[in-house]
Structure formats: structure tokens, C-alpha cells
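Trainee: Supplied in C-alpha cells, the structure appears directly below.
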Amino acid sequence: MKNPLEAIEIVNLDHLGIVAGIIDEMELVEEVNKKVGLRAKEAVSPGQVMKAMILNGLGFLSAPLYLFENFFVGKATEHLIGEGVIAEQLNDDRIGRALDKYYEVGTTNLFTAIALKAAQKFQVEKESVHLDSSSISVEGEYKSKEEENQEIEEEMKAIKIVHGYSRDKRPDLKQFIIDMVVSGDGDVPLYLKIDDGNADDKSVFVERLKEFKK
Numbered sequence: 001m002k003n004p005l006e007a008i009e010i011v012n013l014d015h016l017g018i019v020a021g022i023i024d025e026m027e028l029v030e031e032v033n034k035k036v037g038l039r040a041k042e043a044v045s046p047g048q049v050m051k052a053m054i055l056n057g058l059g060f061l062s063a064p065l066y067l068f069e070n071f072f073v074g075k076a077t078e079h080l081i082g083e084g085v086i087a088e089q090l091n092d093d094r095i096g097r098a099l100d101k102y103y104e105v106g107t108t109n110l111f112t113a114i115a116l117k118a119a120q121k122f123q124v125e126k127e128s129v130h131l132d133s134s135s136i137s138v139e140g141e142y143k144s145k146e147e148e149n150q151e152i153e154e155e156m157k158a159i160k161i162v163h164g165y166s167r168d169k170r171p172d173l174k175q176f177i178i179d180m181v182v183s184g185d186g187d188v189p190l191y192l193k194i195d196d197g198n199a200d201d202k203s204v205f206v207e208r209l210k211e212f213k214k
């Protein structure tokens, strides 16, 4: 008689089960799929890819994109991400296609839609908000292609990685800027915009608040 214990497979959830549960409660996957759209015969939806990226980012792991799927080997991917999802489907090609779609839709629009839905779900007070910016320094060589950018619609232009006022005390490095609106109730992020490394707070902040109010 065959031992039934031989058919048991052990997989890990770790702390990711809690994170996945909160993501499900926020209905993040459904919101992203609605904004980005679905394609026929897509094994892993854009929303599921974003869920996987969040779980990976909170997995205390820093690795190249081509190693992304390795993070989920041995983990309960069907339980964490969705029915039928396996680690091999979370490869760099699938992640790259999803990132392209997020960019086409607009990362700010996508982030704000998810954040406001979560704020409503968890009853975050939004009467008062705070706006601030952070500079993120980067290593390497980044060249701006002004002529190419002029032929692209304004909302589709890539940000400029350039020198600017460094809030992290690294004026020797080029940078980009993150503008973020958070709630007065617990500093919950509600709006995010990535900007050029030399963007000026005084001229940008008024526009950011106008965009957020829309």
C-alpha cells in the first residue's frame, strides 16, 4: 500500500502570506487588471505580476530581473499569487511586458488609483495631506536624448537623470525625484510622481497638488 505522506509537498509562505492577504483585501489585482487590461491566454495577469513584484520587494532580496522567478521557487505561488501560477511563469520576459504596460497606462495614474482604493477600503482620512519630495541618487552614466523626447507626447517622456539638489547629500551623483502626497492620518501614500533630477519644488508642488485633486 502506497504511503499517502509521499504525495505531500511542502512549500513556504513565511511572512508573505500576510502581505498577500492584505493585497487581496485591497483588490489590487482586480484594479490593475481593469486599468491595464487583459490579453487572451495570458497565464499571469498584469495585476498578478504586480502582486508578485510587491511580494518579491518585501522578501528582503535584491537580484537582477532575470533571477526574479528564482525567488518564488519553493514558495506556495498558487496560494500567494493565484490559481495555476507557478514560479517559471514569473520570468523576466513576463515582468518586462507588464512594466511596459504600466508605463503606457501611466505609473502615477496606476499608483493613485490603487492608493485611493486602499484608503477607501481601510477608511483612511484624506481631509488633510502632506506633500514632499525625495531625491534618489544613481550610479552609472545616463545621457538625456532631448531631440528624441521632443517627438514624444508630454506624458510619455522619460524622466531626465541629471544632477540637482541632493537631499541625500550626494551632489556628485545624478538623480531623479519622487514627489509624494501622504495622508495626515498615518502618512499613508496617496499619490506619487517621478520627476527630473533637477526639478524645483517651488514650481512643481503647486502642479502636483492640482493633479492630486483631480
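If you use full-length UniProt numbering, the sequence shown corresponds to residues 1 to 214, in order.
Glycine included, every Cβ here is placed at the ideal spot set by N, Cα and C.
Only a predicted model underlies this, so the values are computations on that prediction, with no experimental measurement involved.
Please state whether DSSP places residue 203 in a helix, a strand or coil.
Mentor: If DSSP states are grouped into helix, strand and coil, residue 203 belongs with the helices.
Trainee: Is the beta carbon of residue 54 sitting closer than 8 Å to the one on residue 23?
Mentor: In contact: residue 54 and residue 23 (Cβ atoms closer than 8 Å).
Trainee: Output the boundary residues of the beta strand (DSSP E) element that contains residue 163.
Mentor: Premise fails: residue 163 is in no beta strand (DSSP E) and is neither H nor E.
Trainee: Quick one: what's got a C-beta closer than 7 Å to residue 73's C-beta in the same chain, skipping five residues either side?
Mentor: These residues qualify, in order along the chain: 87.
Trainee: For residue 48, count neighbouring Cβ atoms within 10 angstroms of its own Cβ and tell me buried if that reaches 16, exposed if not.
Mentor: With 16 or more other Cβ atoms within 10 Å, it is buried.
Trainee: Counting along the chain, where does the alpha helix (DSSP H) carrying residue 49 start and finish?
Mentor: Note, residue 49: alpha helix (DSSP H), 46-57.
Trainee: Could you pull out every residue in the same chain whose Cβ sits closer than 8 Å to the Cβ of residue 112, ignoring the five residues on either side in sequence?
Mentor: Cβ neighbours of residue 112 beyond the five flanking positions: 190, 191, 192 and 212.
Trainee: Which of helix, strand or coil does DSSP assign to residue 35?
Mentor: Helix at residue 35.
Trainee: For the alpha helix (DSSP H) containing residue 168, list its first residue and its last residue.
Mentor: Run containing residue 168: none; DSSP gives neither H nor E here.
Trainee: Our contact map puts residue 44 next to residue 94 with C-beta atoms below 8 Å; I'd like the distance itself, whole angstroms only.
Mentor: Between residue 94 and residue 44 the Cβ distance is about 6 Å, and since that is below 8 Å, they are a contact.
Trainee: What would DSSP say about residue 151, mapped onto helix, strand or coil?
Mentor: The predicted model places residue 151 with a pLDDT of 49, which falls under 50 and marks its position as unreliable; any figure quoted below should be read in that light. Coil at residue 151, not helix or strand.
Trainee: Tell me whether the beta-carbon of residue 227 lies closer than 8 Å to the beta-carbon of residue 180.
Mentor: Past the boundaries of the shown model lies residue 227; the chain is included only from 1 to 214, so the question cannot be answered.
Trainee: Output the residue ranges of the beta strand (DSSP E) runs that lie fully inside the region 86-141 and measure 3 residues or longer, sorted by chain position.
Mentor: Within the region 86-141, the complete beta strand (DSSP E) runs of at least 3 residues are 129-138.
Trainee: Between residue 52 and the rest of its own chain, which residues show a CB-CB distance below 6 Å, the 5 nearest in sequence each way excluded?
Mentor: 81 and 90, listed in sequence order.
Trainee: How is residue 194 classed by DSSP in three states: helix, strand or coil?
Mentor: DSSP places residue 194 in strand when its eight states are reduced to three.
Trainee: If you count every other CB in all the chains shown that lies within 10 Å of the CB of residue 39, and 16 or more means buried, which is it?
Mentor: With fewer than 16 Cβ atoms within 10 Å of its Cβ, residue 39 is classed as exposed.
Trainee: Taking 7 Å as the limit between beta carbons, can you name the residues of its chain near residue 118, skipping five residues before and five after?
Mentor: If we look at residue 118 and ignore the five residues flanking it on each side, its Cβ neighbours are 26.
Trainee: Could you spell out where the alpha helix (DSSP H) holding residue 178 opens and where it closes?
Mentor: Here residue 178 belongs to no alpha helix (DSSP H); instead the beta strand (DSSP E) covers 174-183.
Trainee: If I'm right that residue 160 touches residue 197 with Cβ under 8 Å, what's the distance once you round it to whole angstroms?
Mentor: With a Cβ gap of about 6 Å, residue 160 and residue 197 count as contacting.
Trainee: Measuring CA to CA, which of 140, 171 and 133 is closest to residue 206?
Mentor: Closest by alpha carbon: 133.
Trainee: As a quick exercise: from 200, 34 and 171, pick the residue whose alpha carbon is nearest that of residue 178.
Mentor: Among 200, 34 and 171, the Cα nearest to that of residue 178 belongs to 200.
Trainee: Which value, in whole angstroms, describes the spacing of the CA atoms of residue 37 and residue 46?
Mentor: Going by the C-alpha atoms only, they are around 8 Å apart.
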